[in-house]
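Numbering-wise (the UniProt record's numbering), the sequence shown opens with residue 80 and increments by one.
For each residue, glycine too, the CB sits at the ideal point set by N, CA and C.
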Amino acid sequence: LVQGVKLFDSIDSTQNIAQRLAEDGAPEGTLVIAEQQTSGRGRMGRKWVSPSGKGIYMSYVLRPAIPLQFAPQLTLLTAVALCRALRSVAAPLDIGIKWPNDLLIGGKKISGILLESTAEDERLRYVVTGIGISVNLSRDDYPPELHDIATSLAIELGRTLDRAEIIAAFFAQFQQLYVIYLKDGFAPIKTLWEALSVTLHKPRKLLVAGGEITATPVGLSDQGALLVEKEDGTIIPIFSAEQVPGQG
Ligand code: BTN
């Protein structure tokens, strides 16, 4: 899958470079990796802590022939591939997926996925998937306000890890699942995601477009939305929600 790797010492964000390359016609599998990002970004306009040489900051271009509405499925597929890869290189850590795209150890975040897509006539033109993995960061690399909610593989394991090995493990997993997805659709991925999820079956307060609701995630829809059961027993799909802070 990986076509051409562009390595940078320090750039603003690997997302920006990969997007520019995609606009210029870069093929599927074009991969941008940086040692350091000066404006690494996360979902919901957040910053992504990206100190030099300590994490994995990468973005790659995909061009799947799928409708725009299926883009969330790719986020979930990526989370499964990443979870499986990190479990294999960082055994015996218990790494799980928090919907839609965070990887957690003991409730603390170690990795995030940012999927940015561009479409024309409801079909995807390209997708840029950005992945940040906190590999060898120490506690001091994080601002104090993140100490309770973020961690790294090195902090959890007590030893540093080889970043190249993690990247290779990820793409091996991703390639395998992507082929299955393009051939057989989302159903097999959905089953794998549900098995790795730490989000399901725990009631949560969620901020959705209509306000705050308390609901229990019960599974995924075929489209990749999270199905949550509200207190009145009805089940609704949600595509984007914020968890009300302080719930672990
Ligand atoms: C999130 O959890 O909110 C998503 C974080 C995504 C971070 C990665 S690091 C590589 C790529 N470049 C960016 O600026 N962001 C993504």
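Beta-bridge pairing of residue i - partner residues as DSSP gives them
{"i": "Phe84", "result": "Note that residue 84 is Val in the sequence shown here, rather than Phe. Leu110, per the DSSP bridge assignment."}
{"i": "Ala229", "result": "Lys188"}
{"i": "residue 335", "result": "Summary: the structure shown does not reach residue 335, with the chain confined to residues 80 through 327, and so no result is reported for it."}
{"i": "Thr208", "result": "Tyr139 and Leu194"}
{"i": "Asp181", "result": "Lys177 and Gly191"}
{"i": "Lys309", "result": "Ala294"}
{"i": "Glu224", "result": "Paired residues: none, contrary to the question."}
Residue i: CB within 8 Å of a non-hydrogen atom of the ligand BTN
{"i": "Thr157", "result": "no"}
{"i": "Trp127", "result": "yes"}
{"i": "Gln94", "result": "yes"}
{"i": "Ser138", "result": "yes"}
{"i": "Gln115", "result": "no"}
{"i": "Lys188", "result": "yes"}
{"i": "Gly211", "result": "yes"}
{"i": "Arg163", "result": "no"}
{"i": "Ser118", "result": "yes"}
{"i": "Leu193", "result": "yes"}
{"i": "Gly175", "result": "no"}
{"i": "Arg238", "result": "no"}
{"i": "Tyr242", "result": "Contrary to the premise, residue 242 reads as Arg rather than Tyr in this sequence. Every heavy atom of the ligand BTN is 8 Å or more from the Cβ of Arg242, so no."}
{"i": "Gly303", "result": "no"}
{"i": "Gly121", "result": "yes"}
{"i": "Asp181", "result": "yes"}
Environment of residue i [buried if 16+ CB atoms lie within 10 Å]
{"i": "Gly209", "result": "buried"}
{"i": "Lys133", "result": "buried"}
{"i": "Pro296", "result": "buried"}
{"i": "Ala243", "result": "exposed"}
{"i": "Glu266", "result": "Here the sequence assigns Ala to residue 266, which means Glu is not the residue at that position. Exposed is the call here."}
{"i": "Thr109", "result": "buried"}
{"i": "Arg120", "result": "buried"}
{"i": "Ile112", "result": "buried"}
{"i": "Gly327", "result": "Low local confidence applies: a pLDDT of 44 at Gly327 is under 50, so the model's placement there is unreliable, with the coordinate-based value given in what follows. By the 10 Å Cβ count, Gly327 comes out exposed."}
{"i": "Gln152", "result": "buried"}
{"i": "Asp311", "result": "exposed"}
{"i": "Ile212", "result": "buried"}
{"i": "Ile90", "result": "buried"}
{"i": "Ala288", "result": "exposed"}
{"i": "Val258", "result": "exposed"}
{"i": "Ala274", "result": "exposed"}
Nearest-angstrom Cβ-Cβ length linking residue i and residue j, presumed shorter than 8 Å
{"i": "Val207", "j": "Ala97", "result": "5 Å"}
{"i": "Ile246", "j": "Leu256", "result": "With a Cβ gap of about 16 Å, Ile246 and Leu256 do not count as contacting."}
{"i": "Leu305", "j": "Ile292", "result": "No, Leu305 and Ile292 are not in contact; Cβ-Cβ is about 12 Å, not under 8 Å."}
{"i": "Pro130", "j": "Asp241", "result": "Contact flag wrong, Cβ pair sits at about 17 Å."}
{"i": "Met123", "j": "Thr93", "result": "The Cβ separation is near 19 Å, so there is no contact."}
{"i": "Leu194", "j": "Ala150", "result": "7 Å"}
{"i": "Phe253", "j": "Thr154", "result": "No, Phe253 and Thr154 are not in contact; Cβ-Cβ is about 12 Å, not under 8 Å."}
{"i": "Leu236", "j": "Ile189", "result": "11 Å between Cβ atoms; not a contact."}
{"i": "Ala127", "j": "Gly186", "result": "In the sequence under discussion, the amino acid at residue 127 is Trp, which differs from the Ala named in the question. Rounded, the Cβ-Cβ distance is 19 Å, inconsistent with contact."}
Counting pairs of beta carbons, one from the region 164-175 and one from the region 134-147, are three or more of them closer than 8 Å? Between the region 164-175 and the region 134-147, the count of C-beta pairs closer than 8 Å stays below three; the two stretches do not touch.
Per the contact definition of three or more C-beta pairs closer than 8 Å, is the region 176-189 in contact with the region 271-280? The answer is yes - the region 176-189 touches the region 271-280, with three or more Cβ pairs under 8 Å.
I'd like to know if the region 195-205 and the region 142-158 are in contact, where contact means that at least 3 CB-CB pairs between them fall below 8 Å. yes
Below 8 Å, can you find three or more Cβ-Cβ pairs linking the region 155-167 to the region 220-228? With the cut-off at 8 Å, the region 155-167 and the region 220-228 do not touch.
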